[in-house]
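Enquirer: Below is the structure I would like to discuss, written out as structure tokens.
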Amino acid sequence: MRRVLLLILLALALLGCDHLTDAVVHEPLSTAGSTVDSVDTAAPGTIEGHVIDAETGEALPGTSVVLPSQEQGAAADQEGIFRIENVVPGSHQFVARFAGYRTAKTSVDLTDGGAQLHITMKVLPVEERGDVIVLRCFGPDTTAERE
56 MRRVLLLILL ALALLGCDHL TDAVVHEPLS TAGSTVDSVD TAAPGTIEGH
106 VIDAETGEAL PGTSVVLPSQ EQGAAADQEG IFRIENVVPG SHQFVARFAG
156 YRTAKTSVDL TDGGAQLHIT MKVLPVEERG DVIVLRCFGP DTTAERE
């Protein structure tokens, strides 16, 4: 009997508070002075660029260009050109990686949604040190041959 009474009270309490939930959900939000609203509704833009060797000016095809803050990226084409679409307006840092070159970082500001921004990233080659690294790989059946 006590359980039934508690269940009835709980049901009445939930039904009686239904109008409070509706009022919170359906209440229009004030956007006066809100910067969050403008970011949420801003149209995404496109950033394209050209990745070149900083010393020779030659294009670096296949360079990986990543926008970590948006978890987006692209590979440069045969002419070293990359294109990343649907980028949210704001300040972003791009990271370019290419084998045999230092990692390059460039900061850009995409202020107008729907705009196209063109950047050139100059990547420096890694200094040659003359060191040689030898790696040996062993399969699961060759453990007896290891030194």
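This note's numbering applies: residue 56 is where the sequence shown begins, and numbers increase by one. Even for Gly, the Cβ is constructed at its ideal location relative to N, Cα and C.
Quick one: grab the DSSP three-state call for residue 99.
Expert: In this structure, residue 99 counts as coil in the three-state DSSP scheme.
Enquirer: For the beta strand (DSSP E) that contains residue 128, what are its first and last residues?
Expert: It spans 127-130 - the beta strand (DSSP E) in which residue 128 sits, taken as one unbroken run.
Enquirer: Note down the Cα distance separating residue 156 from residue 192, rounded to an integer number of angstroms.
Expert: Between residue 156 and residue 192, the C-alpha separation is close to 26 Å.
Enquirer: Comparing C-alpha positions only, which one of 98, 148, 107 and 153 sits nearest to residue 160?
Expert: With distances taken between Cα atoms, residue 160 lies closest to 148.
Enquirer: Report the rounded CA-to-CA distance for residue 144 versus residue 113, giving the unit in angstroms.
Expert: Distance between the alpha carbons of residue 144 and residue 113: 30 Å.
Enquirer: By a C-beta neighbour count over all protein chains shown, 10 Å radius and 16 as the cutoff for buried, is residue 117 buried or exposed?
Expert: Exposed, by the Cβ-count rule.
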